[in-house]
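As given, the protein sequences belong to chains A and B, one line each in that order.
Take the first sequence: its position 375, counting from 1, is numbered 1280 in the numbering used here, and each next residue is one higher.
Take the second sequence: its position 135, counting from 1, is numbered 1040 in the numbering used here, and each next residue is one higher.
Protein chains: 2
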Amino acid sequence: MASKLSTQPYRGTRDFLPDEMSVRTQVFSQLYEVIESYGFARYDGPILEPIEIYEAKSGQELVNEQLYRLTDRGGRELALRPEMTPSVARMIAAHADTMAFPVRWYCHVNCHRYERPQRGRVREHWQINVDTFGTESLEAEVEIFEMIHRLFHAVGASTQDYVLRVSDRNLVQNALASFADVPDELMKGVFAIIDRWEKYPLNVQQEALAKLGLSDTQIERIGQLVTLDFTGYLQIASKETLAHSNLARIITEELIDVPILFDPLIIRGFEYYTSTVFEVFDTSPDNRRSIFGGGRYDNLVALFSNRRIPGIGFGMGDVTLFDFLSTHGLLPQPNNSADVCIMPLHPGVRTTMKQVADELRAQGIRTVTPLEEHTLSKEIKDAARRGIRLAVILGEEELARQHVIVRDLTRSEQVEVPLSELVGTLKKKLSDPTG
Amino acid sequence: MASKLSTQPYRGTRDFLPDEMSVRTQVFSQLYEVIESYGFARYDGPILEPIEIYEAKSGQELVNEQLYRLTDRGGRELALRPEMTPSVARMIAAHADTMAFPVRWYCHVNCHRYERPQRGRVREHWQINVDTFGTESLEAEVEIFEMIHRLFHAVGASTQDYVLRVSDRNLVQNALASFADVPDELMKGVFAIIDRWEKYPLNVQQEALAKLGLSDTQIERIGQLVTLDFTGYLQIASKETLAHSNLARIITEELIDVPILFDPLIIRGFEYYTSTVFEVFDTSPDNRRSIFGGGRYDNLVALFSNRRIPGIGFGMGDVTLFDFLSTHGLLPQPNNSADVCIMPLHPGVRTTMKQVADELRAQGIRTVTPLEEHTLSKEIKDAARRGIRLAVILGEEELARQHVIVRDLTRSEQVEVPLSELVGTLKKKLSDPTG
């Protein structure tokens, strides 16, 4: 006997069987609906991209350690996209001349990163990206923040289940410079440490800051800044910085009526973010995790175009989202079974069976017919095992009277109905959630 | 000024901008609906797969010349999937023990092949795969053939626009052996030549057959076989071969009421097909092309499992499908614009604007609000340019009376309506396709 190939998917990737796929499809449809209700239009793009589009602004860890790279037969160096923002910036730059800005776009794509698989981390994940291009207006931030709340509500979450933490890199950077004397050339290093602030104990962070060459006073002041609330930043920041901060204006002018929490610890890994950054966290003690985040990236399109086209958006990954939904008991039931199984009692009724099946399918009723001959009791058992709710049993005697039997496989009850009333009977039973 | 990165997608891959994406989404939704009406359930799986799953049965050209290969940091040799059937066979094998066969599955995935881009050929294409596992019954063939017709009708095609050409490799192989004396070891080579029969003139094919070592008599007889109709095969084939051919039984016993055309030229490239093969062709003189095809592969799951699990299915690629739809004028209009744009005449109505927007969105009306302040005339011009059909204009005077103005941007007409009647008015106008 020849040895068999492994049936497992490649490590860090996932097979989505129909039950799981159905749950995912239901959740994603709800999210698409909210996103489209805000006038965002869906786009898509290739998985393979030139390496260069990540090298400039996606961050060193991602480019050096996490990219899936390959070289094609023509010698082109490619990557499986690790994230979508550089691709969409490329597409916007390509078509900017024919667009009416601002544009609102979204997509749902898979991205690859070479990571050690663990809870919340896989190598291939799916991500909904939502982006607004072509405006520096704070209304873009307000719209995105509001939509995030609507998205959570659409999948059944309450405002208590998550918290939207927001910051402005400029505001924090100015405070680091003016209050903690952090020189420009160390800013990137300090940001990287603040980005992981909650992951390690204070003394580890202090040592890391000292290693950058910062003094005890500077380190102490950084420690104050990372826990400072918005009022504190208002006192430190210059008028000019505040006037240019969309986030500061949104908070001080009370321009938003959904909850946001100012938190200087929010930095985000991508280097392309320029000012506003945000991240949504699960509030459950079982899953105190970042679910997803985003920010404003006003210079990313500049990699591809001389036109200045600011952008703001977020990428919502499936793994952390479904961990959140599962933690809060918000996953819907699978809904991928056929609705009706037709069961002919005799080969002679095959033509009638096909006509009935055609009619039910045309009415949007998911209908299966038997591919093999089995006894009625095996057909019923199999159909119930597949989660099919109703059987239409075709007997010669009933058909002679233009009747069929409709059997409820959940309740094991059956009724005889005229063929002319079959569609109505089935639709009524299917729309009754109690079975 | 730094030099800019290219805005073009990688050669042979495509960016789908919102207009095109909307057309695609509409077409695919219609196809999903038909497939699901037959009780097929959607699944999905990873893009990266171990190379081995293609090496055994996908064909040498594909494996040696067309695979996008990469090696991960752990030394695993991977491919970007060039087709889905080996992946789904792997998944079925992995979960066979908990399944009630037959199972009906479908997916919609992207696949990569390194090819020279040309009309109908790209390097990344999207493909709907439909497969039935776990039955050798001819009813599986009948169902797939019927569904193919329904799929074409669902997207607006008539039976005259395409032809479903079908064959049985066993029937043809037996005829090649008995009528043309082709020895077993040359069968694969002869099949490869028949597969490309229509692409080259007769003398080229005859030379290719001679190169395999076949005699003039054999070559002449092969020439007869490739143009022989089904009645001819009925005369050549043994009773046993006919009894074991699902296709021969479907035709002779008249078990199908949609048109199929027996054609021994249909071979299909994949080596895993075992008997029934089929391919749909465009009948238009402008596009006499294969649109897609499939077949029965009763031994593919055996790569992964000791259980015998027959399979039959097809993969419908997007490029040839959309060429077909475009040739026949069947592409729908894009439908990705927002429905309504709200235009506040004064910053003071911002709160009302947000409430109105929220209400419209909750009612499923795609609604945009301005991110920047512009004059009303610029707002109207921009909205019309984006294909938005209706504007809701919020003036202080009208709002004082709890009224708003609804402007039809297509007709440049407007009416004043009470706020309480706004949703109804908009829904009525949006449901009227004449504008």
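Glycine included, C-beta positions come from ideal geometry on N, C-alpha and C.
Predicted, not measured: the structure shown is a model, and the values here were computed from it.
Local Cβ density within 10 Å of threonine 1103 of chain A, reported as buried at 16 or more and exposed below that: The sequence shown places glutamate at residue 1103 of chain A, rather than the threonine named in the question. Exposed, by the Cβ-count rule.
Contact set between tyrosine 1019 of chain B and chain A, taken where Cβ atoms lie within less than 7 Å: Neighbours of tyrosine 1019 of chain B on chain A, chain order: Asp977 and Arg978.
Pair within 8 Å by beta-carbon distance, tyrosine 1177 of chain B and asparagine 1204 of chain B: Yes, these two residues count as a Cβ contact at 8 Å.
DSSP three-state assignment for arginine 1009 of chain A, whether helix, strand or coil: Three-state result, arginine 1009 of chain A: strand.
Contact the region 1215-1232 of chain B vs the region 963-982 of chain B: 3+ CB pairs below 8 Å: Here the region 1215-1232 of chain B does not lie against the region 963-982 of chain B, with fewer than 3 beta-carbon pairs under 8 Å apart.
CA nearest to the CA of alanine 1305 of chain B, picked from B:Cys1016, B:Arg1154, B:Ser1189 and B:Val1322: Of the candidates B:Cys1016, B:Arg1154, B:Ser1189 and B:Val1322, B:Val1322 places its Cα closest to the Cα of alanine 1305 of chain B.
CB of proline 1239 of chain B within 8 Å of CB of aspartate 924 of chain B, strictly: Yes, Cβ-Cβ distance for proline 1239 of chain B and aspartate 924 of chain B is below 8 Å.
Coil, strand or helix - proline 951 of chain A by DSSP: If DSSP states are grouped into helix, strand and coil, proline 951 of chain A belongs with coil.
is_contact[isoleucine 1351 of chain A, chain B] using C-beta, thresh 8 Å: Residue numbering for chain A in the displayed model covers 906 to 1340; residue 1351 of chain A lies beyond these limits and cannot be assessed.
C-alpha distance - alanine 1097 of chain A paired with histidine 1054 of chain A, whole-angstrom precision: Each residue's Cα considered, the two are about 28 Å apart.
Proximal chain C residues relative to proline 1164 of chain A, where beta-carbon distance stays under 7 Å: Protein chains A and B are contained in the structure displayed, whereas chain C is not.
Beta carbon proximity, leucine 1208 of chain B to chain A, threshold 8 Å: With 8 Å as the cut-off, leucine 1208 of chain B counts as an interface residue toward chain A.
Beta carbon proximity, glutamate 1277 of chain A to chain B, threshold 8 Å: At least one chain B Cβ lies under 8 Å of glutamate 1277 of chain A.
Any C-beta of chain B under 8 Å from that of serine 963 of chain A: By the rule that beta-carbons nearer than 8 Å mark a contact, serine 963 of chain A does not touch chain B.
Selection from B:Leu1250, B:Glu1303 and B:Asn1241 that minimises the alpha carbon distance to serine 942 of chain A: Minimum Cα-Cα distance from serine 942 of chain A among the listed residues B:Leu1250, B:Glu1303 and B:Asn1241 corresponds to B:Asn1241.
Interfacial residues, the region 982-993 of chain B to chain A, with Cβ spacing under 7 Å: Within the region 982-993 of chain B, the residues whose Cβ lies closer than 7 Å to some Cβ of chain A are Leu983, listed in chain order.
Closer than 9 Å at the beta carbon, the chain A residues around valine 932 of chain B: What valine 932 of chain B touches in chain A: nothing, since even the nearest Cβ is about 14 Å away.
Minimum C-alpha distance to glutamate 1284 of chain B - residue among B:Leu1250, B:Arg1255, B:Ala1085 and B:Asn1015: Nearest neighbour of glutamate 1284 of chain B by Cα position, chosen from B:Leu1250, B:Arg1255, B:Ala1085 and B:Asn1015, turns out to be B:Leu1250.
One or two residues paired with glutamate 1326 of chain A in a DSSP bridge: Answer by DSSP bridge pairing: none, since glutamate 1326 of chain A is not bridged.
Buried or exposed (CB count within 10 angstroms, at least 16 for buried), leucine 1107 of chain B: Classification of leucine 1107 of chain B: exposed, given that the 10 Å Cβ count is below 16.
Cβ separation of tryptophan 1031 of chain B and aspartate 1223 of chain B, assumed to be a contact under 8 Å, to the nearest whole Å: Between aspartate 1223 of chain B and tryptophan 1031 of chain B the Cβ distance is about 4 Å, and since that is below 8 Å, they are a contact.
Delimiting residues of the beta strand (DSSP E) encompassing tyrosine 973 of chain A: Bounds of the beta strand (DSSP E) holding tyrosine 973 of chain A are 973-976.
Buried or exposed (CB count within 10 angstroms, at least 16 for buried), asparagine 1079 of chain B: Around the beta-carbon of asparagine 1079 of chain B, 16 or more other beta-carbon atoms lie within 10 Å, marking it buried.
Residue-chain proximity (tyrosine 1202 of chain A, chain B), Cβ-Cβ < 8 Å: No Cβ of chain B is located within less than 8 Å of the beta carbon of tyrosine 1202 of chain A.
Within chain A, the residues that serine 1042 of chain B reaches when beta carbons sit closer than 8 Å: Neighbours of serine 1042 of chain B on chain A, chain order: Leu1276 and Glu1277.
Proline 923 of chain B - DSSP class collapsed to helix/strand/coil: In this structure, proline 923 of chain B counts as helix in the three-state DSSP scheme.
Bridge-paired residues (DSSP) for methionine 1221 of chain B: Beta-bridge partners of methionine 1221 of chain B (DSSP): B:Ile1033.
N- and C-terminal bounds of the beta strand (DSSP E) containing aspartate 1073 of chain A: Counting along the chain, the beta strand (DSSP E) containing aspartate 1073 of chain A begins and ends at 1067-1073.
CB of threonine 1146 of chain B within 8 Å of CB of leucine 1081 of chain B, strictly: Cβ atoms of threonine 1146 of chain B and leucine 1081 of chain B: not closer than 8 Å.
Min CB distance proline 1237 of chain B to chain A below 8 Å: For proline 1237 of chain B, the answer is no, since every Cβ of chain A falls outside 8 Å of its Cβ.
For glycine 1234 of chain B and serine 1189 of chain B, the rounded distance between their alpha carbons: Note on geometry: alpha-carbon atoms of serine 1189 of chain B and glycine 1234 of chain B lie some 12 Å from one another.
Bridge partner(s) assigned by DSSP for alanine 998 of chain B: Beta-bridge partners assigned by DSSP to alanine 998 of chain B: none are found.
For phenylalanine 1209 of chain A, the three-state DSSP class (helix, strand or coil): Under the three-state reduction of DSSP, phenylalanine 1209 of chain A is assigned to coil, being neither helix nor strand.
Beta carbon proximity, tyrosine 1177 of chain A to chain B, threshold 8 Å: By this cut-off, tyrosine 1177 of chain A is not an interface position.
Interface flag, glycine 1222 of chain B vs chain A, CB-CB below 8 Å: Closer than 8 Å: no.
Sub-8 Å separation of phenylalanine 1183 of chain B and threonine 1225 of chain B beta-carbons: Their beta carbons are not under 8 Å apart, which means phenylalanine 1183 of chain B does not touch threonine 1225 of chain B by this criterion.
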